[in-house]
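Residue numbers (the working numbering), protein chains in the order written: chain A, 701 to 811; chain B, 2 to 280. Cβ atoms here follow ideal geometry from the backbone N, Cα and C, with glycine treated the same way. Keep in mind that this is a model prediction, so the values were computed, not measured. Take a look at the structure below.
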Amino acid sequence: MLRHSHTYVLELNGEWSGSFESEPYEAGWASEAVIFVRTLRAENLPDDARARVQISPDGVHWCDEGSTIRLAPAPGMTFCRVAHFGGWLRLAGDLPANARMKVIAYVAAKG
Amino acid sequence: MTNRFDTLKRVVFCDDFDAGLNGWTTVIGNYEDSLDSMLPEYRGWRPPMISNLTVWDAGTTGSLDGCYAMKLATRAQEGNISHAMKRLTWRRPARARFECYFSFKPEPSRMRLGDTDVRAVGFGFDLQESDAKGGAKRVHPLVRYLNAWKGERVRRWQYKDTHEPFHSIGASGETVSFCPYLSKDWKDLPGGEQRLCYNEIATKINWHYFRLDFDLESMSFGGMRCNDREFDLSGIEPIRIPAMPNLWCMFQPLIWVEADSSRRAFLYVDSAALSVEEM
Numbered sequence: 701m702l703r704h705s706h707t708y709v710l711e712l713n714g715e716w717s718g719s720f721e722s723e724p725y726e727a728g729w730a731s732e733a734v735i736f737v738r739t740l741r742a743e744n745l746p747d748d749a750r751a752r753v754q755i756s757p758d759g760v761h762w763c764d765e766g767s768t769i770r771l772a773p774a775p776g777m778t779f780c781r782v783a784h785f786g787g788w789l790r791l792a793g794d795l796p797a798n799a800r801m802k803v804i805a806y807v808a809a810k811g
Numbered sequence: 002m003t004n005r006f007d008t009l010k011r012v013v014f015c016d017d018f019d020a021g022l023n024g025w026t027t028v029i030g031n032y033e034d035s036l037d038s039m040l041p042e043y044r045g046w047r048p049p050m051i052s053n054l055t056v057w058d059a060g061t062t063g064s065l066d067g068c069y070a071m072k073l074a075t076r077a078q079e080g081n082i083s084h085a086m087k088r089l090t091w092r093r094p095a096r097a098r099f100e101c102y103f104s105f106k107p108e109p110s111r112m113r114l115g116d117t118d119v120r121a122v123g124f125g126f127d128l129q130e131s132d133a134k135g136g137a138k139r140v141h142p143l144v145r146y147l148n149a150w151k152g153e154r155v156r157r158w159q160y161k162d163t164h165e166p167f168h169s170i171g172a173s174g175e176t177v178s179f180c181p182y183l184s185k186d187w188k189d190l191p192g193g194e195q196r197l198c199y200n201e202i203a204t205k206i207n208w209h210y211f212r213l214d215f216d217l218e219s220m221s222f223g224g225m226r227c228n229d230r231e232f233d234l235s236g237i238e239p240i241r242i243p244a245m246p247n248l249w250c251m252f253q254p255l256i257w258v259e260a261d262s263s264r265r266a267f268l269y270v271d272s273a274a275l276s277v278e279e280m
């Protein structure tokens, strides 16, 4: 039996600025995931900008999982790997007041 | 699994979402060169996902049969839509029947009834006739259950028989787009009132049966059923537009959900079947 795999588009041309959260993704069926963030364009993004992986038991209440993803300040792709995440995944972050970015974010999950 | 459905003679597919999405995917608004060229009404639509129907108070509900169902989730924004379709083409212009077991609920992010947080759930097809047919049309038979409007309970079935004008996308002159799912120009289906089992609070999820018949030969509605109610669609028309240059014999069952409030609206589908029968 082949393993199940699914790539979910968390954000398509989504704009992140200030304090942001991605939409939630239900991944209770999966045991591992790679989360990708593709910067389409960015303004005033610091080199150390990062998004935090968050997990949830119910899709409503969230906590930091501990992993972070560097956010590319120019068009490009970054990623992080996560496992043992329970039922839900999302990204959250805090950008400086004058920074914003357009992104495509994916969760490539397997279980 | 097919015996839970009233299928016609040939079953084209019978999907249970315990093993993935089986080819159900969202519609993406057309674009050219940049995603910024996409029509604003399509921006931010979220694709379907696999859910085990876990809620904060009772834990995992599971699906009607097994653990998983297909889930469509809107953003937490009034009027936002989540949509899914399965992309096929047809062999013969037969009578077609789409059936599913579905449920809709709001995201249980507040401890209130929430029965007006989901505006509508919709069902239909995106079709086009054969390139061998003169005067061929693209046809959208669409129906929706309008559960609520601006916070008021409505609970009736509607249909749409007119379409938005096409918008040119990009500069090549080869790409156009329009969005037939928005809450504009819907008409009440005569006798279309129906109250479904919402069940008291946002975390109690009951399954409903739905069936839609459409004839690919005459491109006209057959019947529709939801739970105990049979609806006569013989007096209504689908959306008809001139055929498009690369959609010949397109045969796509589709579903969607629209939020009525600033809470996410969810549409769950436990299983879905498409069957056909030549006349």
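Cβ contact annotation for ALA742 of chain A (same chain, cutoff 6 Å, sequence separation greater than five): PRO773, MET801, in chain order. Annotation for MET71 of chain B: the continuous beta strand (DSSP E) segment containing it runs 70 to 74. Burial check for GLY759 of chain A: the Cβ neighbour count within 10 Å reaches 16 or more, so the residue is buried. Here the alpha carbon of TYR32 of chain B sits roughly 20 Å from the alpha carbon of ARG139 of chain B.
Under DSSP, PHE124 of chain B forms a beta bridge with B:VAL144, B:ILE256. At a Cβ-Cβ threshold of 8 Å, LEU73 of chain B and SER83 of chain B count as neighbours.
SER35 of chain B counts as exposed, since fewer than 16 other C-beta atoms from the protein chains shown sit within 10 angstroms of its C-beta.
Shown here for ARG98 of chain B: same chain residues with a beta carbon closer than 6 Å to its own, the five before and five after excluded, namely LEU9, ASP214, SER276 in chain order. In this structure, the beta-carbon distance from GLY45 of chain B to SER178 of chain B does not fall below 8 Å. With respect to the 8 Å criterion, GLY224 of chain B and ASP216 of chain B are not classified as neighbours on the basis of their beta carbons.
In the DSSP assignment, GLN159 of chain B falls within the unbroken beta strand (DSSP E) covering 153 to 160.
In the three-state reduction of the DSSP assignment, ARG265 of chain B falls in the coil class, being assigned neither a helical nor a strand state. Under the Cβ distance rule, ASN148 of chain B does not count among the residues neighbouring chain A, no pair being separated by less than 8 Å.
Interface with chain B (8 Å Cβ-Cβ cutoff): HIS784 of chain A is excluded. B:LEU54 is the residue among B:ALA137, B:GLN195, B:LEU54, B:ASN228 whose C-alpha sits nearest the C-alpha of PRO107 of chain B. In the three-state reduction of the DSSP assignment, THR61 of chain B falls in the strand class. In this structure, TYR43 of chain B lies away from HIS209 of chain B, with their beta-carbon atoms at least 8 Å apart. For the 8 Å CB-CB criterion, GLY193 of chain B and PHE232 of chain B form a contact.
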